[in-house]
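Scroll down for the structure; my scribbles are underneath it.
In the UniProt record's numbering, the protein residues as written are 1 to 121.
Laid out in structure tokens, this is it:
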């Protein structure tokens, strides 16, 4: 990952996954892989001026141990982009729902649960 703005920040920082993109792994793939570690996916592709932007926004109450764990996971994912890219590009693996069709989800969102067989649709 690279740091497009190398300066102190307030409560968030933006990383660029452009190096990983050169290996065929998009920022979205990294965000999905974080879910396998129980880490909430970051804000994606914002700001738009940063290629493959990942906006990291830990809350003020996060412990140093939690932040260190996050850093270790990000390093592991970077290693996986070199050694096992499919593991990253096909993530998440450990959730009830894996890869969604993001375009369909945006165009036809299901905003409440109902049985697929239900006549309520």
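Backbone N, C-alpha and C define an ideal beta-carbon position, used for all residues, glycine too.
Terminal residues of the continuous beta strand (DSSP E) containing residue i?
i	result
residue 10	Residue 10 -> no beta strand (DSSP E), and no H or E assigned at all.
residue 53	53-56
I think residue i touches residue j, with their Cβ atoms under 8 Å apart; what is that distance to the nearest whole Å?
i	j	result
residue 13	residue 49	The pair is not a contact, with the Cβ atoms about 15 Å apart (cut-off 8 Å).
residue 1	residue 78	7 Å
residue 32	residue 52	Between residue 52 and residue 32 the Cβ distance is about 14 Å, and since that is not below 8 Å, they are no contact.
I'd like to confirm the pairing. Which residues does DSSP put opposite residue i in its beta bridges?
i	result
residue 2	16
residue 43	55
Short check: CB of residue i to CB of residue j, under 7 Å?
i	j	result
residue 25	residue 98	no
residue 88	residue 36	no
residue 91	residue 54	no
residue 27	residue 10	no
Quick one: give me the first and last residue of the alpha helix (DSSP H) that residue i is part of.
i	result
residue 77	64-83
residue 104	102-107
residue 110	Note, residue 110: premise wrong, no alpha helix (DSSP H); not H, not E.
With 16 other CB atoms within 10 Å as the buried threshold, where does residue i fall?
i	result
residue 72	exposed
residue 111	exposed
residue 34	buried
residue 47	exposed
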